[in-house]
Each structure stands twice: as C-alpha cells, then as structure tokens.
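From first to last, the protein sequence lines stand for chains Y and B. Just so we're aligned, residue 1341 is where the first sequence starts under the numbering used here, counting upward by one. Just so we're aligned, residue 1341 is where the second sequence starts under the numbering used here, counting upward by one. Ideal Cβ placement from N, Cα and C applies to all residues, glycine included. Predicted model, so just to flag it, every value in this text is computed and none were measured.
Number of protein chains: 2
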Amino acid sequence: MTRWLDPDEQQTWRDFLAAGQLINEALDRQLQREAGMPHTYYMILVALSEAPGRSMRMSELAARAQSSQSRLSHAVARLEERGWVRRERCPADGRGNIAVLTDEGFATLAATAPGHVEEVRRSLFDVLTREQVRELGAICSAVRDTLER
Amino acid sequence: MTRWLDPDEQQTWRDFLAAGQLINEALDRQLQREAGMPHTYYMILVALSEAPGRSMRMSELAARAQSSQSRLSHAVARLEERGWVRRERCPADGRGNIAVLTDEGFATLAATAPGHVEEVRRSLFDVLTREQVRELGAICSAVRDTLER
DNA sequence: TCAGAGTACATGAGAGTTCAACTAAAATGA
DNA sequence: TCATTTTAGTTGAACTCTCATGTACTCTGA
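Okay, here's the thing in structure tokens:
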C-alpha cells in the first residue's frame, strides 16, 4: 500500500522543492551574470582550487564537485576552451586524466567568489535564524549520509 | 567587505547542495525510469490534475509548477506530443492558452504517483525524525517567502 | 477610437545534461 | 603470459533549459 503524504508532509515537500529551486536559480543567475558560467562549473573550479597543486584526477573531481563523469568531461572541455582549466595525462595511470586549474581560472574564481558568497547569504543564511541553520545542517547531512550510500 | 562563510556554514552549505542534488537526481531517475519523463514534467501534470477541470491557463500553470513560461511552453509541447496534455485557446482572452490534462495523462499520473511518493519518502521523509521534518518545513517556507518576493 | 504600452505565449538558437556506446589502459587469474 | 574483466575517461545523440526575440492580442488614456 502506498503511504501517501499527509497534508503537512505535502506542504513541506512542496516548500522544499520550491526553496531548493529558488536558491539554485538565484545562484545560477548570479554566476551567469558575473562570470558567464553555471553553478556546476563554479563548483568544479572551487573543488580544483582546494586541491593540492590545484589539480585533481577527473574521477575524484567528479565526486568532489558532485558531478557525473560524463558531465564533468563535457564541462572541463568547456572550461578548457575558456582557458580556466587544463588537462594533463596522468603519469601513474595511463587511463587517468588530471584537471589543473590555470592561473586565469583561479583569478576568475577569486574575482567571482565575493559576489557568489553574497548571493548564498542572501538566499539562505540571512533568511534563517542561527538555530535554523544548525538544524538545516543536521538535516542535510543526514540526507547526504543516507543517499550517498 | 565580503562576509565569508565560517567553517560550519561552509559545511552546511555543501551538505545543503549535495542533499538537494541527490534528492533531485533520485527523483529524476525514478520518474525517467517509470514514466519516461523528468520531474519538471511530472510537476506540471500534478498541477493540472489538481485544477478544476484538470485545466489551467499557461501562465498560472507556470507559477504553480514553478516553471518559467518558456520552459512550460516547451514542456507542454512535448507532453502534447505524448498525448498527456492538450492545448485550447482561451475564450475569455485571445492571447491565452489553456492546458488540459487528458485522460491518458491522468492515467499516467495515477500509475506513476505511488512509485514517486515512495521515492520521496525514501529520499527525504524516512531519513528524518518527525521533529526534523517540522523544522525543515519552517525553514523552506521561510526561504520561499523571502525569495518569492 | 486609435496609437502606444503591456501581457500571453511560442519559438529558435545556444548551452548543459543524460545515457549509451566506445576507446584505452590497468588489474585479475588461470 | 594471455584472455577476461574492470576501471578511467571521452564522445555523440537526444533531450531539456535559458535567453532573446517574435507575434498576436488586450488595455490604457488622450
């Protein structure tokens, strides 16, 4: 038997979907405007910028940037065209590729980060109380732990 | 001055993004598998199914299904090809179009809903305590109220 | 009553995503 | 050692989304 959502759950679910979408749209619009890239590309640059040598194997990068391999592959191809990332063959594993954040890529990131953080605050943190932020953290981390296997 | 995220906020933000994406991916995969449509299309069918006469003006439908007008227009075109939705001219306003859920569309929805709800529970509600669900509801509704203007 | 502004929706191009191949290089193991 | 399997990554096609633009209709006010 299907366990349908009761009215409260329905409401929560719809608010959850709406909130998530509103935030993602705000992020995408802001980054598209300021840096001409979608949020998924931004996450890739961030992940690279935090890696030692600002470089990472493609598959690890996909995991860190929450991207599928295929998506990452296409995305890095675009980022490479813009000169923000470069690909090198992996010496240790002939199958591997290493994505490297270029200086230009890093500069773009540095220039874009403040506006992005501002948008993140505006759309999420400024809306919530400290307590709610804490709760949200616990909730999302629980979801993540469960769904990430 | 940029108000950077402190480490806790960083963690919350990343968990938030990851959780949202995991849930959306789970939804999309499930619906693609079971009904051959993305979640956005499903939301359109749901909105229509709840409207009087299972029909709605395009612009109102866009609002209810959290879609841009353009996206909705493309989506309804596809749904029409599959015979799940039909478009009629609006008698009261020559500019308007009315989207109508067909019987086939309704049947598809009815057939798909149980599996979808199951997925929603698996990815969100079953993961959280009652209390967390309550908190999440308040949080998302606050975000929604703020970002929807 | 009619010109101009605004609204409703569609459409086409460009960009991103997904999915299913496909290539090439390890790893496995008999 | 060699055939098989697994892993890493890319690619192309089909699809969706966004953005800008276009078309048709309605509303407004002089």
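For residue i, name the three-state secondary structure that DSSP assigns.
| i | result |
| --- | --- |
| residue 1422 of chain Y | coil |
| residue 1398 of chain B | helix |
| residue 1482 of chain B | helix |
| residue 1441 of chain Y | strand |
| residue 1428 of chain B | strand |
| residue 1380 of chain Y | helix |
| residue 1433 of chain B | coil |
| residue 1308 of chain Y | The first residue shown for chain Y is 1341 and the last is 1489, placing residue 1308 of chain Y beyond what the model contains. |
| residue 1413 of chain Y | helix |
| residue 1458 of chain Y | helix |
| residue 1346 of chain Y | coil |
| residue 1406 of chain B | coil |
| residue 1387 of chain B | helix |
| residue 1488 of chain Y | coil |
| residue 1352 of chain Y | helix |
| residue 1448 of chain Y | helix |
| residue 1476 of chain Y | helix |
| residue 1464 of chain B | coil |
Between which residues of its own chain and residue i is the CB-CB distance below 8 angstroms, once the five residues before and five after are set aside?
| i | result |
| --- | --- |
| residue 1364 of chain B | 1379 |
| residue 1438 of chain Y | 1395, 1396, 1397, 1398, 1427, 1428, 1429, 1430 |
| residue 1370 of chain B | 1455, 1456, 1459 |
| residue 1409 of chain B | 1398, 1399, 1402 |
| residue 1415 of chain B | 1380, 1381, 1384, 1407 |
| residue 1393 of chain B | 1440 |
What number of angstroms, rounded off, separates the C-alpha of residue i from the C-alpha of residue j?
| i | j | result |
| --- | --- | --- |
| residue 1383 of chain Y | residue 1362 of chain Y | 18 angstroms |
| residue 1349 of chain Y | residue 1366 of chain Y | 25 angstroms |
| residue 1347 of chain B | residue 1353 of chain Y | 28 angstroms |
| residue 1343 of chain B | residue 1359 of chain Y | 23 angstroms |
| residue 1441 of chain B | residue 1477 of chain B | 30 angstroms |
| residue 1465 of chain Y | residue 1474 of chain B | 19 angstroms |
| residue 1453 of chain Y | residue 1418 of chain Y | 20 angstroms |
| residue 1479 of chain Y | residue 1368 of chain B | 21 angstroms |
| residue 1413 of chain Y | residue 1434 of chain B | 47 angstroms |
| residue 1467 of chain Y | residue 1432 of chain Y | 47 angstroms |
| residue 1481 of chain B | residue 1355 of chain Y | 6 angstroms |
| residue 1387 of chain Y | residue 1404 of chain Y | 6 angstroms |
| residue 1391 of chain Y | residue 1351 of chain B | 17 angstroms |
| residue 1471 of chain Y | residue 1411 of chain Y | 36 angstroms |
| residue 1357 of chain Y | residue 1345 of chain Y | 15 angstroms |
| residue 1341 of chain B | residue 1341 of chain Y | 55 angstroms |
| residue 1483 of chain B | residue 1469 of chain Y | 11 angstroms |
Apart from the five residues just before and just after residue i, which ones in its own chain have a Cβ nearer than 6 angstroms to its Cβ?
| i | result |
| --- | --- |
| residue 1436 of chain Y | 1397, 1430 |
Spatial neighbours of residue i within its chain, please: CB distance less than 7 angstroms, with the 5 preceding and 5 following residues excluded, ordered by chain position.
| i | result |
| --- | --- |
| residue 1389 of chain Y | 1441, 1446, 1449 |
Does the beta carbon of residue i fall short of 8 angstroms from some heavy atom of the ligand NAP?
| i | result |
| --- | --- |
| residue 1463 of chain Y | The model depicted lacks the ligand NAP and carries no ligand whatsoever. |
| message | Three or more C-beta pairs under 8 angstroms: does that hold for the segment 1450–1463 of chain Y against the segment 1480–1488 of chain Y? | response | no
| said: Pairs of beta-carbons, one from the segment 1434–1445 of chain B and one from the segment 1417–1425 of chain B, closer than 8 angstroms: are there three or more? | reply: yes
| query | Using 8 angstroms as the threshold, is the segment 1449–1458 of chain Y in touch with the segment 1371–1385 of chain Y, meaning 3 or more CB pairs across them? | reply | yes
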